[in-house]
Structures are given as C-alpha cells and as structure tokens.
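Residue numbers (the working numbering): 55 to 536. Even glycine gets a Cβ: it sits at the ideal position worked out from N, Cα and C. Written below as structure tokens is the structure these notes are about.
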C-alpha cells in the first residue's frame with residue numbers, strides 16, 4: 055500500500071484533525087509486508103526494536119518505498135530512553151535509505167548543523183587524509199538549501215527520499231529564528247523529496263513561535279511498560295545463566311527502580327552494574343539459582359543504595375565494582391571493630407580505663423560541678439529545686455557529650471585514679487590511643503595536643519562495664535544521677 059497520494063494532498067500543512075486521521079488510516083493498514091520491503095529486513099527490524107512494533111509499522115508506512123513521496127516532516131516526541139533514536143536509526147540503516155542523523159547538542163551552531171548534514175548526505179568523512187575538510191562551507195540557510203540540492207543531484211537521489219533526522223530538536227529553538235521554519239519546509243525549498251524528522255522529549259506546542267511554521271505529523275513514543283522492560287532486558291542475559299534466572303533478577307531490579315525510573319538505558323545500566331553482586335552467593339556456594347529469597351536479601355541493600363543516585367552515573371562499571379569490594383571490606387572491618395569493642399574492657403591498659411572514665415565524666419558533667427565531685431573535703435551539696443527543674447529540661451545524657459579541654463581531663467584523671475601517677479609521655483600517648491580507637495574524638499584544632507578539645511564517644515552501659523573492672527562507681531560521680 056502506498057500513501058503518496060495522501061502525502062501529496064497534505065503536503066503543505068497537517069492540521070490536528072488531519073494528523074489523527076492519517077495515523078488512523080496507517081494503523082488500519084494490512085501487515086507490514088505490503089509496504090514493499092523484503093521480509094528479511096522487516097524481521098530484522100522487529101528483532102532489533104522489541105516492544106516497538108506499532109511504531110515501526112507506522113514509520114514504515116510513512117516512509118513507503120524508496121521512490122515513494124514520503125511525509126515531508128515528522129515530529130517524534132517521548133521521554134528519554136523510549137526508543138525514538140534507536141527505532142529511526144535502525145529503520146534507516148536496515149533499509150539502506152539515504153539519510154543524515156545529527157544531534158543538535160553536538161551541533162550547537164547553525165554552521166555545524168549544516169556541515170554535519172551535508173557531510174552525511176554526500177558521504178564525506180573528515181579525516182587526516184583530507185585535512186578534516188567538510189563537503190562545503192555554508193554560513194546561512196540559503197547556502198545550505200542550494201548545496202543540499204546539489205548533493206542530491208550529484209548522488210542521483212532525485213527519485214528517492216532523503217531523510218534528515220535532528221535529534222534533541224528542542225535545541226533548534228535556541229538558534230536563528232529561521233532555522234526551524236526552514237527545516238520544516240526543506241522539501242519545498244530544495245524542490246526534492248526530503249523528509250525532516252525531529253526527535254525530542256517535549257511536545258510540539260512548545261515549538262510554535264509566531265507564524266510560518268508548518269504543522270508536522272506528530273507521533274508519540276510512550277514509556278516502556280514494566281512487562282516491556284522485562285522483555286527487553288531479558289535479552290541481555292549473560293552467558294552461563296538461564297534466561298529464567300536472569301528474568302527473575304531483572305524483575306527484582308524493576309520492583310525497586312520502576313517507580314522512580316522508566317528510562318530503558320538507565321535501568322539497563324543499573325542491571326549490568328548490580329548483577330555480579332546478585333550472583334555473589336551462587337559463586338560462593340551459599341545459594342543456588344532457585345534460592346530467590348536469599349539472593350534478594352543479598353542484593354536489596356545495594357539496590358536501595360543505587361536508588362539514591364539513579365540517573366547520576368557517578369561511576370563507571372569498573373569503579374562501581376571496586377566500590378562494592380571496598381564496601382565489603384569496610385563492612386568486615388566494622389564487624390571486627392565491634393567485636394573488639396565488646397572485649398575492649400579486658401584489653402585496655404589500666405590507666406587508659408581511668409582516662410576514659412575521666413573523659414566520660416568531663417563530657418557529661420558541667421564544669422562547675424568538678425569542685426563538688428573531685429575536690430577532697432568539699433562536701434556533698436544537694437540540688438536546689440531550680441537546679442532540678444533546669445536539669446529536667448536539659449539532661450546531659452539526652453543532649454550528648456560536651457567538649458572539654460585536656461587540662462580538665464587530666465585534673466579529673468588525677469582525682470579518681472588510685473595512687474600517685476606522674477604526668478609522663480606514656481599517659482599522653484594513651485590519650486592518643488583512645489582517640490585512635492574512636493573511644494574519644496578530638497574537636498577543633500589538632501595542631502597541638504594542649505590546645506585541643508575532646509569528647510567521649512562511648513555510651514553509659516559500655517562505660518559502666520569499664521568502670522566495674524577497676525571497681526569505680528561511675529554513677530556516683532555523674533551529675534544527672536545525683
């Protein structure tokens with residue numbers, strides 16, 4: 055079936071009603087073999103464009119055969135990753151149709167746009183051999199139209215349709231005002247059978263600017279559905295795994311990402327990145343391909359983490375793999391540290407325990423109470439009613455540790471430690487060891503030990519277990535419990 059007569063009738067303009075009518079006529083046409091293309095080529099197109107058979111059928115009907123009069127302007131819009139560029143490029147390359155496919159992001163000026171189109175139509179490739187020369191220099195639309203007509207005549211394409219595909223066509227709105235209207239009338243201006251195809255993510259209404267713009271045939275590429283994404287991604291099954299196993303993995307990926315991302319390219323990227331982690335229990339012999347729940351528990355934290363950076367593409371596949379290995383090593387280290395922390399009360403040196411107790415008291419007691427707790431013969435004073443009300447509003451245990459200077463730490467240490475201890479370098483080195491073990495943390499400047507402030511980072515339960523090993527009643531010295 056040929057649509058040349060229809061396109062001849064609608065050559066100069068396509069109103070909304072005509073646009074809908076034409077699409078309805080084409081979609082009601084018979085099987086694609088009637089378009090006059092070999093069955094092998096059509097089968098190849100359907101294999102290379104899964105879940106886009108309706109769009110392929112519609113475009114094949116619009117293009118017709120090589121010597122048919124095609125629709126002069128087509129506007130394809132849809133979200134990123136919906137297959138617009140893939141379908142168009144596959145049709146043009148499979149059917150070996152003369153065409154030029156340019157990206158308006160790369161061709162950010164009108165001159166670059168003209169050069170790329172003419173080079174592709176004329177089949178000229180700038181190389182070192184020709185000193186990277188273009189087919190011709192065009193500084194304006196008038197020169198471009200004349201040169202394009204010459205190229206078509208030189209290649210003897212007057213009886214065929216030349217397709218010019220402009221991807222990211224929304225960038226045309228940022229160029230000269232005559233660019234978009236001229237491209238939409240390029241067939242009339244050149245006097246040749248030229249079909250201009252605009253690919254974009256935004257609707258046609260945002261392209262209208264004043265008068266003189268011809269209405270193109272508008273086609274929509276919707277998002278892939280979840281079932282369509284499952285069908286497409288299952289084609290990427292790696293060697294050595296069954297298709298059912300890979301489909302179960304893809305189904306897990308889609309269950310996490312589908313609500314946040316419908317982009318086929320992005321979901322495919324995420325599926326490739328995380329598949330080795332999904333197979334990790336199988337390689338270790340801890341699970342089989344049928345243990346879906348165990349595999350899901352292993353991969354879920356990593357998918358949730360990847361969900362936070364979807365679309366960002368912060369790392370490559372190799373970098374992501376290294377990050378996963380480093381994360382696993384870090385997790386093992388944290389587990390070992392937690393195990394060590396549980397036994398640290400038995401392994402800390404004697405004076406380090408008292409230093410840690412002093413640090414905890416300095417962090418959770420107000421400095422004004424040191425005289426009362428640690429000065430001999432100072433006596434015990436009871437809290438006043440006002441102090442008790444104030445402390446109810448601001449308990450140190452709830453507010454967290456406060457920073458304290460080194461001299462206060464040492465003063466409390468010498469007050470609570472048994473016997474006389476000389477202020478040697480060994481004592482100060484034990485403070486550094488407590489900081490290294492993250493039982494204390496240094497606050498502020500770390501240039502000099504004397505000018506620094508510290509905080510105790512351990513909890514009360516842990517601190518009580520430490521104090522019991524040296525027979526020290528720490529509760530008796532905490533202001534919150536007096």
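For residue i, report the span of its alpha helix (DSSP H) as first-last.
i, result
"residue 528", "Counting along the chain, residue 528 falls outside any alpha helix (DSSP H), and DSSP gives it neither H nor E."
"residue 170", "164 to 175"
"residue 352", "346 to 361"
"residue 283", "280 to 287"
"residue 405", "404 to 418"
"residue 212", "No alpha helix (DSSP H) contains residue 212, which DSSP labels as neither H nor E."
"residue 147", "138 to 148"
"residue 225", "Neither: residue 225 is in no alpha helix (DSSP H) and is coded neither H nor E."
"residue 301", "297 to 311"
"residue 244", "240 to 244"
"residue 425", "424 to 428"
What is the DSSP secondary structure of residue i, counted as helix, strand or coil?
i, result
"residue 536", "coil"
"residue 131", "strand"
"residue 324", "helix"
"residue 217", "strand"
"residue 183", "helix"
"residue 290", "helix"
"residue 474", "coil"
"residue 334", "helix"
"residue 100", "helix"
"residue 110", "helix"
"residue 123", "coil"
"residue 160", "coil"
"residue 276", "coil"
"residue 521", "helix"
"residue 178", "coil"
"residue 261", "coil"
"residue 236", "helix"
"residue 515", "helix"
"residue 488", "helix"
"residue 464", "helix"
"residue 341", "coil"
"residue 483", "helix"
"residue 197", "helix"
"residue 188", "coil"
"residue 317", "coil"
"residue 469", "helix"
Could you pull the DSSP bridge partners for residue i from this structure?
i, result
"residue 458", "508"
"residue 496", "508"
"residue 254", "131"
"residue 271", "128"
"residue 249", "217"
List the endpoints of the continuous beta strand (DSSP E) containing residue i.
i, result
"residue 154", "153 to 157"
Keeping to the same chain, check which residues put their C-beta closer than 6 Å to that of residue i; ignore five residues upstream and five downstream.
i, result
"residue 116", "125"
"residue 469", "428"
"residue 251", "128 and 219"
"residue 489", "496"
"residue 174", "154"
Which residues in the same chain as residue i place their Cβ atom closer than 8 Å to its Cβ, once the five residues preceding and following it in sequence are excluded?
i, result
"residue 104", "282, 285, 286 and 289"
"residue 418", "450, 451, 455, 456, 510, 532, 533 and 534"
"residue 199", "236, 240, 243 and 244"
"residue 280", "308 and 312"
Report all residues from its chain with a CB closer than 7 Å to the CB of residue i; omit the five preceding and five following residues, and keep chain order.
i, result
"residue 403", "484"
"residue 443", "Only weak support is given to the placement of residue 443: the predicted model assigns it a pLDDT of 49, under 50, and the value that follows is read from those uncertain coordinates. The answer is none, since no qualifying residue turns up."
"residue 467", "408, 409 and 412"
"residue 304", "284, 287, 288 and 325"
"residue 238", "127, 250, 267, 268 and 270"
"residue 522", "none"
"residue 121", "213 and 214"
"residue 201", "172, 190 and 192"
Could you tell me whether any non-hydrogen atom of the ligand GDP is closer than 6 Å to the CB of residue i?
i, result
"residue 526", "Of ligands this structure carries none, so the ligand GDP is not represented either."
- Could you tell me whether the region 157 to 172 touches the region 305 to 316, using the rule of 3 or more Cβ pairs below 8 Å? no
- Query: Counting pairs of Cβ atoms below 8 Å between the region 518 to 536 and the region 411 to 426, do you hit three or more?
  - Reply: yes
- Message: Can you confirm whether the region 201 to 216 touches the region 142 to 159 when touching is taken to mean that 3 or more C-beta pairs between the two stretches lie within less than 8 Å?
- Response: yes
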